[in-house]
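Participant: Those sequence lines, one after another, are chains U and Y. Start counting the first sequence at 1; every next residue gets the next number (our numbering). Start counting the second sequence at 1; every next residue gets the next number (our numbering). What follows is a single structure, and I will ask about it in a moment.
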Amino acid sequence: MPEYTPQELMVVCAAREIRDGEVVFVGMRLPLIAFALAKRTHAPGAIGLFENGLMRDTPSPELLYTMGDAPNVLGAQWATRMLNVMGLMAQGWADLGFIGGAEIDRFGNLNTSRIGDWQRPTVKLPGSGGGADIASLAGRLAVILAHDKRRFRERVDFVTSAGYGEGGNWRQRVGLPRGGPSAVITTLGVLAFDPQTGEAFLRSYHPFSSAQEVQENTGWPLRLASELAPTQAPTADELRIIRECDPQGFWTR
Amino acid sequence: MPANKLMSMRKAIERFVPDGASVALGLALEAMIPFAAGHELIRQRRRDLTLIGPISDMLFDQLIGAGCVRKVQAAWVGNVSEGLAHNYRRATEQGIPHPLSVEEQSNFSMALSLLAAGLGVSYLPTKSLLGSDIPRQNPTFRQGTDPWTGEPILLVPAIRPDVTILHVQRADSDGNAHIWGCLGICEEAAQAAQGIIMVAEEIVPRETILSDPNRILAPAFKVLAVVHEPGGAHPAPVQGYYNRDHATFRAYHAQTRSVEGFQQWLAEWVTGIANRQEYLARLGAERWQTLGVKEHRYAAPVDYGY
């Protein structure tokens with residue numbers, strides 16, 4: 001068994017999506033730690049935006065259960081109205097955004113609203129939050145979710161947050177100004193998207209998984225990267241920082 | 001002449017939130033959620049409310065479970081650190097305790113709806129949500145064409161709440177209020193509303209609030225009631241006063257998986273007690289102390305002199 005949990009590896013993968021100097025729309029749950037990890041390793045110049053109106057150029061001094069926790073305000077570079085951070089993203093200032101989801105399909109469309117017939121859902125999920133806005137307006141989108149056949153479906157029941165729609169130039173056709181998913185970080189691997197067709201392919205499988213296991217847990221025939229490889233394992237340094245951020249393992253164990 | 005609008009939570013809810021009202025609350029997102037006001041709505045058995053808010057960290061779920069709500073206009077209803085909202089699910093999936101009408105929103109569209117109302121226009125355009133199924137589910141949205149570029153644009157209709165309930169750090173008895181920390185869409189909801197209920201941790205003299213007018217949240221003349229309710233946002237955090245009580249969110253999530261569990265929770269924390277003071281007494285002084293501010297961090301004073 002590896003010396004780390006799938007959640008810890010997912011945090012590492014999420015952090016690696018953040019490039020130094022980028023403006024990142026952070027989101028909920030694992031990205032809260034991924035932002036702190038990126039800041040303390042390869043992306044010290046990254047800036048975090050939070051939809052409650054916060055902007056930070058330093059990681060929060062304590063573990064966050066929600067973006068609204070008091071430590072996230074202390075030392076913020078800006079504590080303003082939601083419309084100001086959404087406005088920055090609407091103009092194209094957010095390079096990358098993170099969201100989670102319940103269901104995703106082969107073109108990266110996400111459902112966090114309703115499972116089953118959308119007019120009479122069998123499961124009512126919490127809804128978009130800021131997810132649909134981030135998917136619409138951020139420069140790139142990184143999605144984080146658990147990998148199983150129930151969640152990775154040929155088509156989602158309801159598109160809360162648009163990916164590449166029906167593929168090709170769909171985003172442009174419907175009027176979205178930019179963006180689209182660039183990575184889907186799961187409990188088994190990392191997916192990326194073909195820039196021409198908008199279709200997902202497997203970029204890497206986690207060291208404790210395999211391409212076969214990923215396929216068995218995906219609801220459509222998943223294409224593979226030409227240079228498919230195992231996901232790079234977390235370094236000792238990355239694990240140390242994650243465990244400093246989340247000593248009780250609330251998010252990562 | 002400043003008016004004295006100070007009154008108890010019971011009186012404020014009784015006078016200004018009738019059955020069938022549309023109420024905006026939870027506008028700072030995870031922080032400063034007016035739980036005490038929500039619990040009073042439940043105790044007074046309000047019915048057929050329309051709830052308006054961006055995300056709701058547990059409070060909408062409680063009001064829905066207690067049968068107060070007919071319609072929800074929100075971007076997200078759940079429990080932020082724990083996940084799904086059980087009462088919201090039961091109401092939308094099974095009609096328990098009764099069917100619920102849901103108009104899906106995103107955080108941005110919610111903010112724009114309130115901003116539109118606050119600007120006195122019937123809609124605002126955005127490029128968010130184009131291609132999403134949210135506008136299909138929520139027919140109040142309309143798709144248009146940008147008259148300048150000819151590109152598709154989504155038109156977000158104005159939402160004007162009958163009353164907006166805001167939890168703030170401090171206010172005077174006239175309703176001038178200071179808020180700091182997470183602002184979310186508090187200002188937009190205050191501007192959009194017909195009237196405001198201001199719930200404050202502390203009541204301070206008018207001079208204190210007017211000493212820093214840039215930090216004032218809303219025009220006092222729209223404030224209907226000022227309620228002094230220390231601890232009124234628990235288990236949500238209030239910057240400079242207390243932290244988020246994560247354990248309460250966790251316990252509620254576990255306990256409310258069943259209708260019976262929710263009923264027990266309701267009796268213990270809402271209907272079986274009279275007010276927020278009794279709620280805090282039930283929580284216990286020791287627990288309350290663990291949530292307190294560990295180290296005060298004051299901002300530098302600013303000089304408004306001339």
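Note that CB positions come from ideal geometry on N, CA and C, so glycine has one too.
With a threshold of 9 Å between beta-carbons, can Glu-202 of chain Y be considered close to chain U, or not?
Facilitator: What you label residue 202 of chain Y is simply residue 202 of the second sequence in a count that begins at 1. So, not an interface residue.
Participant: Do you know offhand how far Arg-151 of chain U's Cα is from Leu-30 of chain U's?
Facilitator: Here residue 151 of chain U refers to the residue found at position 151 when the first sequence is read from its first residue. Here residue 30 of chain U refers to the residue found at position 30 when the first sequence is read from its first residue. Using only the alpha carbons, I get a separation of about 18 Å.
Participant: Specify, as a first and last residue, the run of the alpha helix (DSSP H) that Gln-77 of chain U falls within.
Facilitator: Residue 77 of chain U sits at position 77 when you count from the first residue of the first sequence. No alpha helix (DSSP H) holds Gln-77 of chain U; DSSP gives it neither H nor E.
Participant: Which runs of the beta strand (DSSP E) at least 3 residues long sit entirely within the segment 197-242 of chain U? Give them in chain order.
Facilitator: Counting whole runs of 3 or more residues, the segment 197-242 of chain U contains the beta strand (DSSP E) stretches 200-205 and 223-230.
Participant: Note down, in chain order, every chain Y residue with its Cβ under 7 Å from the Cβ of Tyr-65 of chain U.
Facilitator: Counting from 1 along the first sequence, the entry for residue 65 of chain U is found at position 65. Ordered by position in chain Y, the residues that pass the 7 Å Cβ test against Tyr-65 of chain U are Ser-81, Arg-244 and His-246.
Participant: Does Glu-103 of chain U have its Cβ less than 9 Å from a Cβ in chain Y?
Facilitator: Position 103 of the first sequence, counted from the first residue, corresponds to residue 103 of chain U. Cβ-Cβ to chain Y under 9 Å: no for Glu-103 of chain U.
Participant: So, Ile-197 of chain Y versus Val-17 of chain Y, is the Cβ gap smaller than 9 Å?
Facilitator: Indexing the second sequence from 1 puts residue 197 of chain Y at position 197. Indexing the second sequence from 1 puts residue 17 of chain Y at position 17. Yes, they are a contact pair.
Participant: With a CB to CB cut of under 7 Å and the five nearest residues on each side skipped, what residues in its chain are close to Thr-197 of chain U?
Facilitator: Translated into the one-based positions of the first sequence, residue 197 of chain U becomes position 197. Once the five neighbours on either side are set aside, the close Cβ partners of Thr-197 of chain U are Gly-167 and Gly-168.
Participant: Flag this pair as yes or no: are the beta carbons of Ser-81 of chain Y and Tyr-164 of chain U separated by less than 9 Å?
Facilitator: Reading the second sequence from its first residue, position 81 is the one you call residue 81 of chain Y. Reading the first sequence from its first residue, position 164 is the one you call residue 164 of chain U. Result no, Cβ atoms of Ser-81 of chain Y and Tyr-164 of chain U do not sit closer than 9 Å.
Participant: Leaving out five residues before and five after Asp-105 of chain U in sequence, what residues of the same chain have Cβ atoms less than 7 Å from its Cβ?
Facilitator: Counting from one through the first sequence, the residue named residue 105 of chain U turns up at place 105. Result list for Asp-105 of chain U: Arg-153, Glu-154, Arg-155 and Val-156, in chain order.
Participant: Does DSSP put Gln-73 of chain Y in a helix, in a strand, or in coil?
Facilitator: Taking the second sequence and counting its residues from 1, one reaches residue 73 of chain Y at position 73. Strand, per DSSP.
Participant: Return helix, strand or coil for Gly-26 of chain Y, following the three-state DSSP convention.
Facilitator: Within the second sequence, the letter at position 26 stands for residue 26 of chain Y. Gly-26 of chain Y falls in the coil class under three-state DSSP.
Participant: Can you list the residues of chain Y that Trp-118 of chain U reaches, using a CB-CB cut of under 9 Å?
Facilitator: Counted from its first residue, the first sequence places residue 118 of chain U at position 118. Here the neighbours are Asp-133, Arg-136 and Gln-137.
Participant: Report the rounded CA-to-CA distance for Glu-229 of chain Y versus Arg-276 of chain Y, giving the unit in angstroms.
Facilitator: What you label residue 229 of chain Y is simply residue 229 of the second sequence in a count that begins at 1. What you label residue 276 of chain Y is simply residue 276 of the second sequence in a count that begins at 1. Near 7 Å, if we compare the C-alpha coordinates of Arg-276 of chain Y and Glu-229 of chain Y.
Participant: Give me the Cα-Cα distance between Glu-8 of chain U and Leu-37 of chain U, rounded to the nearest whole angstrom.
Facilitator: The residue you call residue 8 of chain U lines up with position 8 of the first sequence. The residue you call residue 37 of chain U lines up with position 37 of the first sequence. Going by the C-alpha atoms only, they are around 11 Å apart.
Participant: Could you tell me which chain U residues have their CB closer than 8 Å to the CB of Ser-113 of chain Y, listed as they occur along the chain?
Facilitator: Start at 1 with the first residue of the second sequence, and residue 113 of chain Y comes out as number 113. Chain U residues near Ser-113 of chain Y: none, gap ~12 Å exceeds 8 Å.
Participant: Using a 10 Å radius around the Cβ and a threshold of 16 neighbouring Cβ atoms, would you call Asn-4 of chain Y buried or exposed?
Facilitator: Stepping through the second sequence from its first residue, residue 4 of chain Y is reached at position 4. Answer is exposed; the Cβ neighbour count stays below 16.
Participant: Alpha carbon to alpha carbon, what distance is there between Glu-188 of chain Y and Leu-217 of chain Y?
Facilitator: Reading the second sequence from its first residue, position 217 is the one you call residue 217 of chain Y. Reading the second sequence from its first residue, position 188 is the one you call residue 188 of chain Y. If you take the alpha carbons of Leu-217 of chain Y and Glu-188 of chain Y, they lie about 10 Å apart.
Participant: Show which residues of chain Y have a CB atom less than 9 Å away from the CB atom of Thr-160 of chain U.
Facilitator: In the first sequence, the residue the question calls residue 160 of chain U occupies position 160. The answer, in chain order, is Glu-104, Ser-106, Ser-132, Asp-133 and Ile-134.
Participant: Going by other Cβ atoms of all chains shown within 10 Å of its Cβ, with 16 needed for buried, is Pro-301 of chain Y buried or exposed?
Facilitator: Along the second sequence, read from residue 1 onward, the residue named residue 301 of chain Y stands at position 301. With fewer than 16 Cβ atoms within 10 Å of its Cβ, Pro-301 of chain Y is classed as exposed.
Participant: Identify the continuous beta strand (DSSP E) that holds Arg-170 of chain Y and give its terminal residues.
Facilitator: Residue mapping note: residue 170 of chain Y aligns to position 170 of the second sequence, counting from 1. 163-171 is the extent of the beta strand (DSSP E) around Arg-170 of chain Y.
Participant: Mark Asp-69 of chain U as exposed unless 16 or more other C-beta atoms lie within 10 angstroms of its C-beta, in which case mark it buried.
Facilitator: Translated into positions along the first sequence, residue 69 of chain U becomes position 69. By the 10 Å Cβ count, Asp-69 of chain U comes out buried.
Participant: Indicate whether the contact test is met: 3 or more Cβ pairs, each with one atom in the segment 22-29 of chain Y and one in the segment 43-57 of chain Y, closer than 8 Å.
Facilitator: Output reads yes: the segment 43-57 of chain Y touches the segment 22-29 of chain Y.
Participant: Listed from N- to C-terminal order along the chain, which residues in the segment 120-132 of chain U have their beta-carbon within a distance smaller than 8 Å of any beta-carbon of chain Y?
Facilitator: Going along the segment 120-132 of chain U in chain order, one finds Pro-121, Thr-122, Val-123, Lys-124, Leu-125, Pro-126, Gly-127, Ser-128, Gly-129, Gly-130, Gly-131 and Ala-132 with a Cβ nearer than 8 Å to chain Y.
Participant: Nearest chain U C-beta to Ser-258 of chain Y closer than 9 Å, yes or no?
Facilitator: Here residue 258 of chain Y is taken as the residue at index 258 of the second sequence, counted from 1. Not an interface residue.
Participant: If Leu-145 of chain U sits next to Gly-100 of chain U, beta carbons under 8 Å apart, how far is it from one beta carbon to the other, in whole angstroms?
Facilitator: Reading the first sequence from its first residue, position 145 is the one you call residue 145 of chain U. Reading the first sequence from its first residue, position 100 is the one you call residue 100 of chain U. Their Cβ separation, rounded to whole angstroms, is 6 Å, which keeps Leu-145 of chain U and Gly-100 of chain U in contact under 8 Å.
Participant: By how many angstroms is the C-alpha of Ile-242 of chain U removed from the C-alpha of Thr-122 of chain U?
Facilitator: Here residue 122 of chain U refers to the residue found at position 122 when the first sequence is read from its first residue. Here residue 242 of chain U refers to the residue found at position 242 when the first sequence is read from its first residue. Thr-122 of chain U and Ile-242 of chain U: Cα-Cα distance of roughly 37 Å.
Participant: Which residues in the same chain as Arg-170 of chain Y place their Cβ atom closer than 6 Å to its Cβ, once the five residues preceding and following it in sequence are excluded?
Facilitator: As a first step, residue 170 of chain Y is located in the second sequence; it is residue number 170 there, counting from the start. Around Arg-170 of chain Y: His-178, Ala-200, Glu-202 and Val-204.
Participant: So which of Y:Glu-268, Y:Leu-100, Y:Gln-44 and Y:Ala-193 has the shortest CA-CA distance to Phe-60 of chain Y?
Facilitator: For the purposes of this step, residue 60 of chain Y is taken as the residue at position 60 of the second sequence. Checked all of Y:Glu-268, Y:Leu-100, Y:Gln-44 and Y:Ala-193; the closest Cα to Phe-60 of chain Y is Y:Leu-100.
Participant: Within the same chain, show all residues whose beta-carbon is closer than 7 Å to that of Gln-77 of chain U, passing over the 5 residues directly before and after it, in chain order.
Facilitator: If you number the first sequence from 1, residue 77 of chain U lands on position 77. Met-55, Arg-56 and Asp-57.
Participant: Whole beta strand (DSSP E) runs in the segment 152-180 of chain U with 3 or more residues, listed along the chain?
Facilitator: Whole beta strand (DSSP E) segments, 3+ residues: zero.
Participant: List, from N- to C-terminal side, the alpha helix (DSSP H) runs of 4 residues or more that fit wholly inside the segment 114-138 of chain Y.
Facilitator: You should have 134-137.
Participant: Tell me where the alpha helix (DSSP H) around Phe-249 of chain Y begins and ends.
Facilitator: Position 249 of the second sequence, counting from 1, holds the residue named residue 249 of chain Y. Where Phe-249 of chain Y is concerned, the enclosing alpha helix (DSSP H) stretches over 246-255.
Participant: My assumption, with CB atoms under 8 Å, is that Gln-264 of chain Y sits in contact with Val-73 of chain U. Please give the rounded CB distance.
Facilitator: Numbered from 1 along the second sequence, position 264 holds the residue referred to as residue 264 of chain Y. Numbered from 1 along the first sequence, position 73 holds the residue referred to as residue 73 of chain U. Their Cβ separation, rounded to whole angstroms, is 35 Å, which puts Gln-264 of chain Y and Val-73 of chain U out of contact at 8 Å.
Participant: For Arg-29 of chain U, report the span of its alpha helix (DSSP H) as first-last.
Facilitator: Here residue 29 of chain U refers to the residue found at position 29 of the first sequence. No alpha helix (DSSP H) contains Arg-29 of chain U, which DSSP labels as neither H nor E.
Participant: What is the rounded straight-line gap between the Cα of Met-1 of chain U and the Cα of Leu-224 of chain U?
Facilitator: Taking the first residue of the first sequence as position 1, residue 1 of chain U is located at position 1. Taking the first residue of the first sequence as position 1, residue 224 of chain U is located at position 224. Note that Met-1 of chain U scores 49 on pLDDT, short of 50, meaning its location in the model is unreliable; the coordinates nonetheless yield the value given after this. Using only the alpha carbons, I get a separation of about 25 Å.
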